[in-house]
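Down below is the structure, laid out as structure tokens.
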Amino acid sequence: MSEKKPNFKKGPLEGAEETPEAKTEETPSIEGQADISQKSFQGASRLAMLGKQQLRWRAKSAIMNKTFGGEDILQEGMRQHGNYRQAKMHYRIAKSFTKHSVKFVSSGGRHSYGAVNRSYNYIRGRGFVRTPEEFKGNGRKQLAKNLRNAQMRFKAARESKKAEEGLSYFRALLMGNEKKGLLLKVILTNPFTYLFFVAILMFMIFSTISLMSQAPIKQDDFQLSDSWTEMTKLDAEHSDSGNSFFTPIDNIMYFMNNQFDDYTITDNLPASSSNSNKTYQDYVTTLWGAINGASPDYKITNLSSLEKDKSSDYYIDSDDLSDLNDRINQIGYQELDHQLSFPYGTTNLIITRRYGDENVDGKIQLNNSIETPVMLGQTIVAPMTGTIESINSASSLTLLNDKNARLTLSGVTTSRFWGGEVVPEGSLLGQATGNNLSIRYEVYDSSSKTYKTVNPGFYFPAVTYTQFTTLASDKFNPDAAMASRAQAFYDYFSKLGYTKAGICAILGNLQVESSIDSKRAEGDYLAPPVGATDSSWDDPAWLAMGGPDIYNGDYPNIVHRGLGYGQWTDTSDGGTRHTMLLNYASAKGKKWYDAELQMDFMLNGDVPGAQVVVRNTASAQVDSTVAGLTVYFLNNWEGNPGNKVQLRVTDAQNWYNYFTSKEAGQVTSGDAVFQEYKDRVQATLGSLPSDEVISGNPYPGNTSPTWQCVFYAFNRARQLGIPVPSTSAMGNGGQWAGHYMAIPGATVSHTPQAGDIASSYSNPFASGDQYGHVAIVEFVNPDGSYVVSEESAGTPNSYEWRVLPASTAQEVTFIHVSK
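The following block contains the structure:
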């Protein structure tokens, strides 16, 4: 494992979610980005587990193949077979075989039709049961469904060669072996030998059937993609400006296939179901509600929790659930035809935009492709063998695989091809033309004789989606110190004209790296002398400590420790960003840990490639989504693709929602806003509202009922030294603006100042109150937004702190009294 530390890799910080182990990943610097696709990045632990489980699955197939491969191998194969039966999965297969073979033998002869019918249903994955009367005679519809799924069943049978080879062995004995006469004589003359032969034959048949039924996905490509799209449609229909739904759909696909096999989403539920008059669409709609809750009080629940809850409608017995999870981990979607390999060097395809319906400006639209982040110039290879069917543009081409599947890649150079070339899987296609690669996949439907789009995410070995559900009701309550640091960062970049989505994407990454703290150094949380003391921050020797000093001799690739927001580090591969930061600070006459200095450094003092990445991210030039921008910054600025992707995206989305709410005046959680601003208010105004001000009556002249906006505004104004004569003199909340002259020395304007009385009839300030509203301005932010404390602002008998956007100030009268 390499010890080389990439230029942008950071050391572990307390609370910054980094570990020394992460440093062992080798990632090129900004200057070497074009070659990054030649690396195989270390995948998540889940992928390691998946690889082992896949090997187990293949080993099982090999064992069964040996078992029935021929007479010379039979004894050795049977020995391996006996050992392998100790494994849980094989035990379950054997248990299933025993149960159903007993049923078959006991009913055979007496009920020949029943045996055939039951066997057919077993092969179809419905259990060893007769077809219910209500399902008989479906005629052409049932036949069409049978034909639609035939290809999938044949594939499973072909891949279970162990049973086929076993049959060929007995067929050779019966038809091509010189001993067949003796074998037939023994079988026909000895009933016990006959029964034994039939039992062996039945064992092989049911082994094949059992193996076929193990796949967790029973639907064909089109049924599965239709079901996926239905779930994305539900997400899109419920998404709005405050709520963004991206339900984890893979888990639902496995659950539904486990419960209903190869269902079609528009069909009715089985007649045996208590909801037989409803469709599968109705069922997944109810399931969506169980996972996400209902408007306006959405609440996210994990599907696995519902599967384990005995009171839930979606409960699965613990043994069955364990079996299902084993099959998901071992097989997943791999039983689908037309599997794809990765389009670049990775062990896990990051998907920043999923396939399915989306809510675009209130309209539901199908996105028929997926998007994955790449770097400009990155090598893109063919995910499947095929012929170049068409060159769609200078950055888009289509591959056709034996007229069975069609793959369109957009965002890759096409100058190498004219059309008609045969391209093997894994061979070079071109280079990425931007920062996103779009993948559209179509599979040929023999019944309609057309190509239909399917979800490409089903066909890659492993994928990770970076779109996550976020709710307006989610309580994101950063501590006051972090919120203040984030606000300063946001204000700095906002004034330069950068986008909210881009700024928050950077903040999400910096929160993981340094808790958005400019005064951080790698290992500063350790005990001195490695850890920080008050004098350490300006001590050149302390700042110059490297990996061996911090990590007890490890990580010699870290020449000088990481510093600041981005943990800029000097590394043994020539990276000097630590030194560049110190020199930049010296040239500017500022401390290296000055927050504004580091923001300036990101844009003007860092290595040129890093400066470009910051500008591209902050301006949202490379993507329009918070998730996409977050991943872009991670891959290109941090230089550590895949590292804590979900955490970074979640943090970025939280900041986006946080600042959106502030701009819209929707941050009404008293504790959240109060905790963020209390220290600044104390410093600015000299006091915070006391309990008596909030609910008591400490000042004469207050005749308003408790918990009214007038009651509180009068008390808080008097606490701040504003000589309001009485509540009766001022009137209702909206009337204070017109009665300001009753307050000695008062002036009015539409520009808020800390300590002002704010009065208006307009919304959102007045929260729809017909009598208007009055509040106290506690703090004014650099962007013009202002913080008010108030009572009963839309919610009766409540005490709140709220942040209102600068745009509302023109509709509000601010009463100011100079002191």
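First residue of the sequence shown: 14, per my numbering; consecutive thereafter. Ideal placement from N, C-alpha and C gives every residue a C-beta, glycine not left out.
Give the straight-line distance between the Cα atoms of ALA730 and SER700, rounded to the nearest whole angstrom. Residue 730 sits at position 717 when you count from the first residue of the sequence shown. Residue 700 sits at position 687 when you count from the first residue of the sequence shown. So the two alpha carbons sit approximately 12 Å from each other.
Drop a sphere of 10 angstroms on the beta-carbon of LEU337, count the other beta-carbons inside from all chains shown, and report buried for 16 or more, exposed for fewer. Numbered from its first residue, the sequence shown carries residue 337 at position 324. Residue environment for LEU337: buried (at least 16 other C-beta atoms within 10 angstroms of its C-beta).
Out of SER739, TRP720 and TYR690, point me to the one whose CA is closest to TYR859's CA. As shown, the chain starts at 14 and ends at 832. That puts residue 859 outside it, with no answer to give.
Delimiting residues of the beta strand (DSSP E) encompassing TRP848: Given a span of 14 to 832 for the chain in the structure shown, any question on residue 848 remains unanswerable.
If I measure Cβ to Cβ from TYR454 and keep anything under 6 Å in the same chain, skipping five residues before and after, which residues do I get? Walking along the sequence shown from the start, residue 454 turns up at place 441. Cβ neighbours of TYR454 within its own chain (closer than 6 Å, five residues either side excluded): LEU420, VAL467 and PRO469.
Could you check whether the stretch 379 to 389 touches the stretch 446 to 461, counting it as contact only if at least three pairs of C-beta atoms, one from each stretch, sit closer than 8 Å? yes
Residues in the same chain with beta-carbon distance under 8 Å from ILE278, minus the five sequence neighbours each way, listed in chain order, please. Residue 278 sits at position 265 when you count from the first residue of the sequence shown. Closer than 8 Å at Cβ, skipping near neighbours: GLN236, ASP239, SER240, GLU243, THR292, TYR293, GLN294 and VAL297.
Is it a yes or a no for the stretch 504 to 513 touching the stretch 324 to 333, going by three-plus beta-carbon pairs under 8 Å? no
Neighbour-count burial assignment, GLU813, 16 or more Cβ in a 10 Å radius: The residue labelled residue 813 in the question sits at position 800 within the sequence shown. With at least 16 other beta carbons inside 10 angstroms of its own, GLU813 counts as buried.
Do GLN524 and ARG340 have their C-beta atoms within less than 8 Å of each other? In the sequence shown, the residue the question calls residue 524 occupies position 511. In the sequence shown, the residue the question calls residue 340 occupies position 327. The answer is no: Cβ separation not under 8 Å.
Just how far apart, CA to CA, sit SER599 and LYS532? In the sequence shown, residue 599 corresponds to position 586, counting from 1. In the sequence shown, residue 532 corresponds to position 519, counting from 1. SER599 and LYS532: Cα-Cα distance of roughly 16 Å.
Confirm, please, whether the CB-CB distance from VAL425 to THR400 is below 8 Å. Residue numbering aside, residue 400 sits at position 387 when the sequence shown is read from its first letter. Residue numbering aside, residue 425 sits at position 412 when the sequence shown is read from its first letter. No.
With 16 other Cβ atoms within 10 Å as the buried cut-off, status of GLN378: Taking the sequence shown and counting its residues from 1, the one referred to as residue 378 is at position 365. The residue is exposed, with fewer than 16 neighbouring Cβ atoms inside 10 Å.
Within a Cβ cutoff of 6 Å, which residues of the same chain sit near GLY768, ignoring the five residues on either side of it in sequence? The residue given as residue 768 occupies position 755 in the sequence shown. Beyond the five residues adjoining it in sequence on each side, GLY768 comes within less than 6 Å, by CB distance, of LEU698 and LEU733 in the same chain, given in chain order.
Please check the pair LEU362 and VAL476, which I expect to be a contact at CB under 8 Å, by giving their CB distance rounded to whole angstroms. Translated into the one-based positions of the sequence shown, residue 362 becomes position 349. Translated into the one-based positions of the sequence shown, residue 476 becomes position 463. Indeed they touch by this definition, with Cβ atoms about 5 Å apart.
Whose C-beta lies closer than 6 Å to the C-beta of ARG693 among residues of the same chain, with five residues either side of it excluded? Within the sequence shown, numbered from 1, the residue matching residue 693 stands at position 680. Same-chain partners within the cutoff: PHE792.
Nearest candidate by alpha-carbon position, reference ASP458, set PRO396, ARG429, ASN417 and VAL572: For the purposes of this step, residue 458 is identified with residue 445 of the sequence shown, where counting begins at 1. Considering only alpha carbons, the answer is ASN417.
From the DSSP secondary-structure annotation, give me the bridge partner or partners of THR546. Position 533 of the sequence shown, counting from 1, holds the residue named residue 546. THR546 pairs with nothing; no bridge assigned.
Alpha helix (DSSP H) runs contained entirely in the stretch 608 to 679, provided each spans 4 or more residues: 608 to 617, 621 to 631, 639 to 646 and 658 to 676
Mind checking who SER802 pairs with in its DSSP beta bridge? Looking up residue 802 in the sequence shown gives position 789. For SER802, the beta-bridge partners assigned by DSSP are ILE789 and TRP814.
Spatial neighbours of GLN766 within its chain, please: C-beta separation below 8 Å, excluding the five flanking residues on both sides. Here residue 766 refers to the residue found at position 753 when the sequence shown is read from its first residue. For GLN766, where only same-chain residues beyond five positions count, the Cβ hits under 8 Å are VAL790, VAL793, PHE827 and HIS829.
For SER317, which three-state DSSP category applies? Taking the first residue of the sequence shown as position 1, residue 317 is located at position 304. Reduced to three states, the DSSP call for SER317 is helix.
Which residues mark the beginning and the end of the alpha helix (DSSP H) in which THR299 is found? Stepping through the sequence shown from its first residue, residue 299 is reached at position 286. Where THR299 is concerned, the enclosing alpha helix (DSSP H) stretches over 293 to 305.
Is the Cβ of THR826 closer than 8 Å to any Cβ of chain C? Any reference to chain C falls outside this structure, which holds one protein chain only.
According to DSSP, residues forming a beta bridge with TYR457: Your numbering for residue 457 matches position 444 in the sequence shown. Its beta-bridge partners are TYR464.
Could you check what DSSP says for ASN264 in three-state terms: helix, strand or coil? On the sequence shown, position 251 is the one that residue 264 refers to. Correct three-state label for ASN264: helix.
Using the Cα positions of TYR799 and ASP263, report the straight-line distance between them to the nearest angstrom. In the sequence shown, residue 799 corresponds to position 786, counting from 1. In the sequence shown, residue 263 corresponds to position 250, counting from 1. In a straight line, the C-alpha of TYR799 is about 44 Å away from that of ASP263.
Leaving aside the five residues before and after TYR645 along the sequence, list all residues of the same chain whose C-beta is less than 8 Å from its C-beta, in chain order. For the purposes of this step, residue 645 is taken as the residue at position 632 of the sequence shown. Answer for TYR645: PRO386, ASN448, ALA518, VAL626, ASN629, THR630, VAL635 and ASP636, listed in chain order.
Throw me the rounded Cβ distance for the GLY369 and THR512 pair, which I believe falls under 8 Å. In the sequence shown, the residue the question calls residue 369 occupies position 356. In the sequence shown, the residue the question calls residue 512 occupies position 499. Actually they are not in contact, since the Cβ atoms of GLY369 and THR512 sit about 26 Å apart, beyond 8 Å.
Drop a sphere of 10 angstroms on the beta-carbon of GLN232, count the other beta-carbons inside from all chains shown, and report buried for 16 or more, exposed for fewer. For the purposes of this step, residue 232 is identified with residue 219 of the sequence shown, where counting begins at 1. Classification of GLN232: buried, given that the 10 Å Cβ count is 16 or more.
For GLU371 and ASP248, what's the separation of their Cα atoms in angstroms? If you number the sequence shown from 1, residue 371 lands on position 358. If you number the sequence shown from 1, residue 248 lands on position 235. One C-alpha to the other measures close to 8 Å.
Between which two residues does the alpha helix (DSSP H) harbouring TYR505 extend? Along the sequence shown, one-based indexing puts residue 505 at 492. Its alpha helix (DSSP H) spans residues 493 to 508.
On the criterion of 16 or more Cβ atoms from any shown chain inside 10 Å, does GLN666 qualify as buried, or is it exposed? What you label residue 666 is simply residue 653 of the sequence shown in a count that begins at 1. GLN666 is buried by the Cβ-count criterion.
Run the CB neighbour count on LYS65, radius 10 Å, all protein chains shown included, and call it buried at 16 or more, exposed below. On the sequence shown, position 52 is the one that residue 65 refers to. Since pLDDT at LYS65 reaches only 42, below the 50 mark, its modelled position is unreliable, and the value read off the structure follows with that caveat. Flag for LYS65 reads exposed.
Exposure of SER802, with buried meaning 16 or more beta-carbon neighbours within 10 Å: Walking along the sequence shown from the start, residue 802 turns up at place 789. By the 10 Å Cβ count, SER802 comes out buried.
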